Amino acid sequence: SNANDIRSKKVLIIGAGSLGSMIAENLMRIGVVSQGILDADLLQTGNLSRHALTMTSVGHNKAAALVEHLNRILPDASARSFSCAFPPESEVAKNSLRQYDVIIDCTGDDGVLKSLAAFDWKSEKIFISLAMTWRAEGLFAFAASETSFPVTDASSRFNASASPEIDMDEARIEGIGAWHPVFPARADDVQLWAAVGTKFICRVVSAPGRIYEYFKQMPDGTVEKEPHEYGSG
Numbered sequence: 001s002n003a004n005d006i007r008s009k010k011v012l013i014i015g016a017g018s019l020g021s022m023i024a025e026n027l028m029r030i031g032v033v034s035q036g037i038l039d040a041d042l043l044q045t046g047n048l049s050r051h052a053l054t055m056t057s058v059g060h061n062k063a064a065a066l067v068e069h070l071n072r073i074l075p076d077a078s079a080r081s082f083s084c085a086f087p088p089e090s091e092v093a094k095n096s097l098r099q100y101d102v103i104i105d106c107t108g109d110d111g112v113l114k115s116l117a118a119f120d121w122k123s124e125k126i127f128i129s130l131a132m133t134w135r136a137e138g139l140f141a142f143a144a145s146e147t148s149f150p151v152t153d154a155s156s157r158f159n160a161s162a163s164p165e166i167d168m169d170e171a172r173i174e175g176i177g178a179w180h181p182v183f184p185a186r187a188d189d190v191q192l193w194a195a196v197g198t199k200f201i202c203r204v205v206s207a208p209g210r211i212y213e214y215f216k217q218m219p220d221g222t223v224e225k226e227p228h229e230y231g232s233g
């Protein structure tokens with residue numbers, strides 16, 4: 001099965017927010033015991049409405065707290081944390097990141113995508129970028145199996161998708177991300193996309209290549225995949 005292929009991989013998750021934390025937990029329970037979690041942020045009370053972590057982790061670094069949680073899930077769990085932004089400054093940390101086979105971006109941050117592209121991975125990786133749209137109405141999913149992340153292609157795919165318009169009255173403040181307590185998404189929305197995202201990850205690891213998909217949640221809670229032909233152009 002698809003799950004068997006990913007169990008043998010070392011997986012790095014960049015961004016331990018709501019989506020990243022739930023995906024990390026899904027992967028651990030599937031048996032992906034070798035995980036790296038990278039995030040520089042501290043967990044805030046406002047994050048808890050849709051995060052794998054709980055009150056005991058508030059004020060702690062997200063990556064470190066999530067790794068502590070992940071390592072309690074399975075007896076052979078060996079998750080480790082990188083409590084820094086990407087890319088890390090230390091050469092030791094950079095070399096540690098290069099040991100991972102699958103690199104998953106869950107930050108929803110264009111700057112991180114550019115950094116992924118600029119970073120010297122030294123070998124081919126399976127890159128996956130997952131991002132929820134406004135109100136968690138959709139999920140962008142992009143994958144590539146290359147020596148560097150194809151940021152231009154990924155960004156143009158994301159930007160061309162029919163994602164919902166951001167209602168700034170609803171946002172209340174500008175520059176808002178899923179990390180903020182007023183991002184209008186519920187825990188069940190994030191769990192839905194974490195499940196869809198986890199299945200996408202397993203599928204891509206079993207059959208790597210350049211893949212772009214956009215999933216949309218219908219008003220009744222069912223999910224549809226938007227038709228998308230991956231042309232050469």
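If you read the sequence shown in full-length UniProt numbering, its first letter stands for residue 1, the second for the next number, and so on. No residue lacks a Cβ here, since even glycine has one placed at the ideal position from N, Cα and C. If you're wondering where the values come from, they're calculated on a predicted model, not measured in any experiment.
Environment of Asn159 [buried if 16+ CB atoms lie within 10 Å] = That one is exposed.
request  = Measure the C-alpha to C-alpha separation of Glu226 and Glu213 and round it to an integer number of angstroms.
outcome  = About 7 Å.
query = Among the residues of its own chain, which have a CB less than 8 Å from the CB of Lys10, if the five just before and after it don't count?
reply = Apart from the 5 residues on each side of it in sequence, Lys10 sits with its Cβ closer than 8 Å to the Cβ of Ser34, Gln35, Gly36, Gln99, Tyr100, Asp101 and Val102 in its chain, given in chain order.
request  = Determine the DSSP secondary structure at residue 259, reduced to helix, strand or coil.
outcome  = Since the first and last residues shown for the chain are 1 and 233, residue 259 lies out of range.
key: Selection from Asp189, Phe149 and Ala85 that minimises the alpha carbon distance to Pro219   = Per the C-alpha coordinates, the member of Asp189, Phe149 and Ala85 positioned closest to Pro219 is Asp189.
inquiry  = Under 8 Å: do the segment 38-52 and the segment 63-72 share three or more Cβ pairs, one atom per stretch?
reply    = Contact between the segment 38-52 and the segment 63-72 is present, because at least three Cβ pairs lie under 8 Å.
query = Would DSSP call Asp220 helix, strand or coil?
reply = Here Asp220 carries a coil assignment [DSSP, helix/strand/coil].
Residues bridged to Tyr212 [DSSP beta-bridge criterion] = Tyr212 pairs with Phe142.
message = Please report the distance separating the alpha-carbon of Gly59 from that of Leu43.
response = Straight-line Cα distance between these residues: approximately 5 Å.
message = Within 8 Å, do at least three Cβ pairs link the segment 17-31 to the segment 191-202?
response = Yes: at least three Cβ pairs fall under 8 Å.
inquiry  = Taking its Cβ as the centre, do 16 or more other Cβ atoms sit within 10 Å of Ala131, making it buried, or is it exposed?
reply    = Burial call: buried.
request  = In the DSSP assignment, find the unbroken alpha helix (DSSP H) run with Arg29 in it and report its ends.
outcome  = DSSP places Arg29 inside the alpha helix (DSSP H), whose first and last residues are Ser18 to Ile30.
message = How far does the beta strand (DSSP E) with Asp105 in it extend, from its first residue to its last?
response = Here the beta strand (DSSP E) through Asp105 covers Val102 to Asp105.
task = Grab me the residues of residue 236's own chain with a C-beta within less than 6 Å of its C-beta, minus the 5 sequence neighbours each way, in chain order.
result = Residue 236 lies beyond the residue range present for the chain, which begins at 1 and ends at 233; the question has no answer from this structure.
inquiry  = Given this structure, state the Cα-to-Cα distance separating Ala144 from Ser123, to the nearest angstrom.
reply    = Between Ala144 and Ser123, the C-alpha separation is close to 13 Å.
ask   = Starting from Ser35 and walking both ways along the beta strand (DSSP E), at which residues does that stretch end?
value = The sequence given here has Gln at residue 35, not Ser. Here the beta strand (DSSP E) through Gln35 covers Gln35 to Leu38.
inquiry  = If I measure Cβ to Cβ from Ile73 and keep anything under 8 Å in the same chain, skipping five residues before and after, which residues do I get?
reply    = Cβ-Cβ distances below 8 Å link Ile73 to Glu25, Met28 and Arg29 in the same chain, with the five nearest sequence neighbours on each side left out; the list follows chain order.
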